[in-house]
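Per numbering that gives the first Met the number 0, the first sequence runs over residues 0 to 814.
Here's the structure we're looking at; comments come further down.
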Amino acid sequence: MGKKTTVTEENLVIVESPAKAKTIEKFLGKDFLVKSSYGHIRDLSKSDFGVDINNNYQPDYIISSDKKEVVKELKLLAKNAKMVWLASDEDREGEAIAWHLFETLELKEENTRRIVFHEITKDAIQKAIKNPRKIDINLVNAQQARRVLDRLVGFELSPVLWRKVKPSLSAGRVQSVAVRLIVDREREVFAFKPTSSYRVTAIFEVTDDKGRVKELKAELNKRFDTYEQTKAFVEKCSDAEFLVSQVEKKPVKKSPAAPFTTSTLQQEASRKLGFSVAQTMSIAQKLYEAGKITYMRTDSVNLSDLALNMASAQISEMMGPEYVNIRKYKTKAKGAQEAHEAIRPTYLDKDTVAGSAQEKRLYELIWKRTIASQMSDAQLEKTVIHIEAGNTGEKFLATGEIIKFDGFLKVYIESTDNEGEQEENESVLLPPIHEGEVLEMLNVEARQRWSQKPARYTEASLVRKLEELGIGRPSTYAPTISTIQNRGYVEKEDRDGTERHYKHLWLEKGKPVIESEKKEITGAERSKLFPTDIGMVVNDFLVKYFESIVSFDFTAKVEKEFDDVALGNVEWSKSIDEFYKPFHDTVEETLEQSEKSTGERILGVDPASGQQVSVRIGRFGPLAQIGVSSDEEGAEKPRFASLRKGQHLETITLEEALDLFKLPRTLGEFENKVVVIGIGRFGPYIRHDSKFVSLKKGVDDPFEIDLETAIERIKTKREEDLKKIIKEFTEEPDLQILNGRWGPFIKYQKKNFKIPKDKNAEELSLEECKALIEADTKASPKKKTAAKKAATVKKTTATKKATTTKKKTTAKKTK
DNA sequence: CAGTGAGCGAGCTTCCGCTTGACTT
0 MGKKTTVTEE
10 NLVIVESPAK
20 AKTIEKFLGK
30 DFLVKSSYGH
40 IRDLSKSDFG
50 VDINNNYQPD
60 YIISSDKKEV
70 VKELKLLAKN
80 AKMVWLASDE
90 DREGEAIAWH
100 LFETLELKEE
110 NTRRIVFHEI
120 TKDAIQKAIK
130 NPRKIDINLV
140 NAQQARRVLD
150 RLVGFELSPV
160 LWRKVKPSLS
170 AGRVQSVAVR
180 LIVDREREVF
190 AFKPTSSYRV
200 TAIFEVTDDK
210 GRVKELKAEL
220 NKRFDTYEQT
230 KAFVEKCSDA
240 EFLVSQVEKK
250 PVKKSPAAPF
260 TTSTLQQEAS
270 RKLGFSVAQT
280 MSIAQKLYEA
290 GKITYMRTDS
300 VNLSDLALNM
310 ASAQISEMMG
320 PEYVNIRKYK
330 TKAKGAQEAH
340 EAIRPTYLDK
350 DTVAGSAQEK
360 RLYELIWKRT
370 IASQMSDAQL
380 EKTVIHIEAG
390 NTGEKFLATG
400 EIIKFDGFLK
410 VYIESTDNEG
420 EQEENESVLL
430 PPIHEGEVLE
440 MLNVEARQRW
450 SQKPARYTEA
460 SLVRKLEELG
470 IGRPSTYAPT
480 ISTIQNRGYV
490 EKEDRDGTER
500 HYKHLWLEKG
510 KPVIESEKKE
520 ITGAERSKLF
530 PTDIGMVVND
540 FLVKYFESIV
550 SFDFTAKVEK
560 EFDDVALGNV
570 EWSKSIDEFY
580 KPFHDTVEET
590 LEQSEKSTGE
600 RILGVDPASG
610 QQVSVRIGRF
620 GPLAQIGVSS
630 DEEGAEKPRF
640 ASLRKGQHLE
650 TITLEEALDL
660 FKLPRTLGEF
670 ENKVVVIGIG
680 RFGPYIRHDS
690 KFVSLKKGVD
700 DPFEIDLETA
710 IERIKTKREE
720 DLKKIIKEFT
730 EEPDLQILNG
740 RWGPFIKYQK
750 KNFKIPKDKN
760 AEELSLEECK
770 ALIEADTKAS
780 PKKKTAAKKA
790 ATVKKTTATK
800 KATTTKKKTT
810 AKKTK
């Protein structure tokens, strides 16, 4: 749409991102028009795999529907340009984009150049223009192999799941491994048996140089396995002498972390700011588009020389030259392609930025991390004081750290995922203590401690694991995490902890030991990824029949193969053929031979009826069942009940399953209508006269509640509802003025309408209400169509994959 | 929103990686 479209330009440069195009255009001057392809412009067609299996896996590429406009414009511009510069990223995907552009725009070799740069700086770009090359067809072929392999795996495997597990499911090289990680971890947690030991700490009294009395906390250098041993030791402490036998001092240095990549940014934003992976990416995108940070999808920890100079100047100015230590970091990530710089502020002299609160916070995080990465090591002195506990043969250790030179710690401290054990990492300043001193004991405390269960994944820690395994790319981490949640394989959830008792011993100077049992809350989870039943069943199915595909090193193996293709040592279609032939055989075999997979577990026998009790995945999710289906005439049908939230096929017990059938429960009658207790999506409820009343949380037990209490709840609900009604009209019972969460509103035929703020709700007449309804429906005709669209989406798709489906429906319409 | 738990079968679902917008209570 730009005005320049019709003008003939000397040079057309095509990059992938429009924001990048804008910046580069400034560097190149008026002879260059810089445009963007918006990523890939073509993809495999969806019919017949988009790949001709019988003809060397010949790909069938079509221009993506949302790229037709872009392609049309680029084609015209390319036709009129004297030279076309393909400046997509220097990695496998970027090379392929260049090649697709070459093919699709019908470019000619003599006036096409391929150029690459890893940083968006004037120097880098001008150097690139001076050093053009040809499209590297081997690298392109490696990308084609990658693309075709992913298509074949995804489009062969998914239909197997439709037949053997449930329709609409999906499997793929990346998502299936992500799910597997989460399922495996859940089972580790389930199998985990905590063991306990006893941790002993003591507080001593110390007088410092100025005569001030201070407390010194120390921990025993061992933990006891049994309560008896612990008690015996604590008792001995009451009259023991505590002698400082050694004061150990050693220098320690700490180094800063590398600048941010996509994955480390996602992790730190999650730990420090509590952002989800998708949130981080969308905020970063905004910062990028505003020119405030460099590109946010990168696996590189490299900073440009320009950035390093800026960092050096900035640190020197803000904190002094002794804080500068310019470093080059090397990536550790498997399969990193390093087409971009690390994520950094565009201008390092800006330590903050205008924008939303979230943008500010993320920017400041990036600024700090970038600056810290170029700062000096922190110099610490670690002190360990050894305190002999009388003649018990044990000793207490007090550790402390003093910072001699703070270095990068002045700006940034990296967080870790460790939960619970933070107190041990606390750095404390120790009072001056000398060897040979005898310390006064104030108290000794011993408490039972339990070993920690394996940590469930957060979105961010899953990304880190995937990156470690070389699975997925910076541009796909966030979408992959959405996919496995949208498919219903995984849920992000909070879980309340459970109460646990622990033993406690307390000894105060000159007093007897106090023994007690205390309570703590343990195992609470916040925003953790849990597998669903369907996720587990699908995973087990894939592991059983397609172990090689969902194995953790599958991607690494095929990447090696792609590397050979990129080097020109192997023909890509041959490499695909070697994989596909046996894979396809397994698919056929599995379709023929495997049973349908429902995750069925037989729990036992129902004592009341003598029938079998089992659980499995049903049409609408996990269910429990009493009895078995039978073809025989007049055979009794089994009874069914859905599993509740938090119950799982794998862990539910016979008793819990039988409990499910106790509801709904009829209590009796009230006002000649039955009162029924049940549990629905929103918890336990009372149903009466086709109205629903929630049970009181934490007070009412759906299995125990009696008719009297239920009636009480119904009555209070009625009173509350009355308060909601502001005005009613006898001539129009469908119309009410109600008090809602956001103030008064009009309810008409089950739809809600706004009341303007300048109107008094109580004084509205029926005519005025109808006028408001009329005005509201007219004012937003879009609302209606949007709602309709949403409804059709809901019909065609079971879960909330609204975004992808919507795109498709609109795409079809515009055709 | 508070249930349902199939084969009278028509046609659809699905992958991974590049990119950005246009959606909504």
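By construction, the Cβ of each residue, glycine as well, lies at the ideal position given by its N, Cα and C atoms.
All values derive from a computational prediction rather than experimental measurement.
Per DSSP, which residues does residue i bridge with? Please list them.
{"i": "tryptophan 161", "result": "Bridge partners of tryptophan 161: none, in fact."}
{"i": "tyrosine 501", "result": "Lys517"}
{"i": "glycine 667", "result": "Val674"}
{"i": "isoleucine 616", "result": "Pro621"}
{"i": "serine 195", "result": "Trp449"}
{"i": "proline 683", "result": "Ile678"}
{"i": "phenylalanine 203", "result": "Leu215 and Met440"}
{"i": "histidine 385", "result": "Gln245 and Leu396"}
{"i": "alanine 144", "result": "Alanine 144 pairs with nothing; no bridge assigned."}
Mind reading off the beta-carbon distance from residue i to residue j? Whole number of angstroms is fine, and I expect it under 8 Å.
{"i": "serine 641", "j": "leucine 653", "result": "Not confirmed; about 17 Å, so no contact."}
{"i": "glycine 290", "j": "threonine 200", "result": "Actually they are not in contact, since the Cβ atoms of glycine 290 and threonine 200 sit about 53 Å apart, beyond 8 Å."}
{"i": "serine 269", "j": "proline 473", "result": "Contact flag wrong, Cβ pair sits at about 15 Å."}
{"i": "tyrosine 488", "j": "valine 178", "result": "5 Å"}
{"i": "alanine 217", "j": "leucine 504", "result": "Wrong, their Cβ atoms sit about 16 Å apart, outside the cutoff."}
{"i": "glutamate 337", "j": "aspartate 298", "result": "6 Å"}
{"i": "threonine 457", "j": "serine 355", "result": "The pair is not a contact, with the Cβ atoms about 23 Å apart (cut-off 8 Å)."}
{"i": "serine 547", "j": "phenylalanine 553", "result": "6 Å"}
{"i": "proline 17", "j": "serine 44", "result": "Proline 17 to serine 44, Cβ: 26 Å. No contact."}
{"i": "asparagine 137", "j": "glycine 567", "result": "4 Å"}
{"i": "lysine 74", "j": "leucine 32", "result": "Actually they do not touch by this definition, with Cβ atoms about 14 Å apart."}
{"i": "aspartate 699", "j": "threonine 708", "result": "7 Å"}
What span of residues does the alpha helix (DSSP H) with residue i cover, start to end?
{"i": "arginine 132", "result": "No alpha helix (DSSP H) contains arginine 132, which DSSP labels as neither H nor E."}
{"i": "proline 581", "result": "571 to 592"}
{"i": "proline 637", "result": "No alpha helix (DSSP H) holds proline 637; DSSP gives it neither H nor E."}
{"i": "leucine 76", "result": "67 to 79"}
{"i": "histidine 99", "result": "91 to 103"}
{"i": "valine 233", "result": "226 to 236"}
{"i": "alanine 177", "result": "174 to 190"}
{"i": "leucine 272", "result": "261 to 272"}
{"i": "valine 83", "result": "That residue, valine 83, is in no alpha helix (DSSP H); its beta strand (DSSP E) goes 82 to 85."}
DSSP state of residue i, grouped into three classes?
{"i": "tyrosine 56", "result": "coil"}
{"i": "lysine 19", "result": "helix"}
{"i": "glutamate 400", "result": "strand"}
{"i": "aspartate 51", "result": "strand"}
{"i": "phenylalanine 31", "result": "strand"}
{"i": "asparagine 10", "result": "strand"}
{"i": "valine 410", "result": "coil"}
{"i": "isoleucine 651", "result": "coil"}
{"i": "glutamate 393", "result": "coil"}
{"i": "valine 152", "result": "helix"}
{"i": "alanine 786", "result": "Bear in mind that the predicted position of alanine 786 carries a pLDDT of just 37, short of 50, making it too unreliable to give a figure here."}
{"i": "threonine 798", "result": "Any reading at threonine 798 must be qualified, since the residue scores a pLDDT of 34, below 50, and its modelled position is unreliable; the value itself is stated next. Threonine 798 falls in the coil class under three-state DSSP."}
{"i": "leucine 379", "result": "strand"}
{"i": "glutamate 773", "result": "helix"}
Could you spell out where the beta strand (DSSP E) holding residue i opens and where it closes?
{"i": "valine 627", "result": "Unbroken run through valine 627: none, as it is neither H nor E."}
{"i": "phenylalanine 529", "result": "524 to 530"}
{"i": "isoleucine 548", "result": "Looking at the DSSP string, isoleucine 548 is not in any beta strand (DSSP E); the run it does join, the alpha helix (DSSP H), is 546 to 549."}
{"i": "proline 250", "result": "241 to 253"}
{"i": "phenylalanine 691", "result": "690 to 693"}
{"i": "isoleucine 601", "result": "600 to 604"}
{"i": "asparagine 442", "result": "437 to 449"}
{"i": "arginine 486", "result": "Note, arginine 486: premise wrong, no beta strand (DSSP E); not H, not E."}
{"i": "threonine 111", "result": "111 to 113"}
{"i": "leucine 465", "result": "It is not in any beta strand (DSSP E) - leucine 465 instead sits in the alpha helix (DSSP H) that spans 458 to 467."}
{"i": "aspartate 563", "result": "Careful: aspartate 563 lies outside any beta strand (DSSP E), inside the alpha helix (DSSP H) at 553 to 565."}
{"i": "arginine 41", "result": "41 to 43"}
Less than 7 Å between the CB of residue i and some heavy atom of the ligand HEM, yes or no?
{"i": "alanine 623", "result": "The ligand HEM is not part of the structure shown, which contains no ligands of any sort."}
Continuous beta strand (DSSP E) assignments of at least 3 residues falling wholly in the stretch 288 to 320:
none
What residue ranges within the stretch 309 to 374 form continuous alpha helix (DSSP H) runs of no fewer than 4 residues, ordered along the chain?
356 to 372
Minimum length 4: unbroken alpha helix (DSSP H) runs contained in the stretch 685 to 767:
Listed in chain order, the complete alpha helix (DSSP H) runs (minimum 4 residues) inside the stretch 685 to 767 are 706 to 723.
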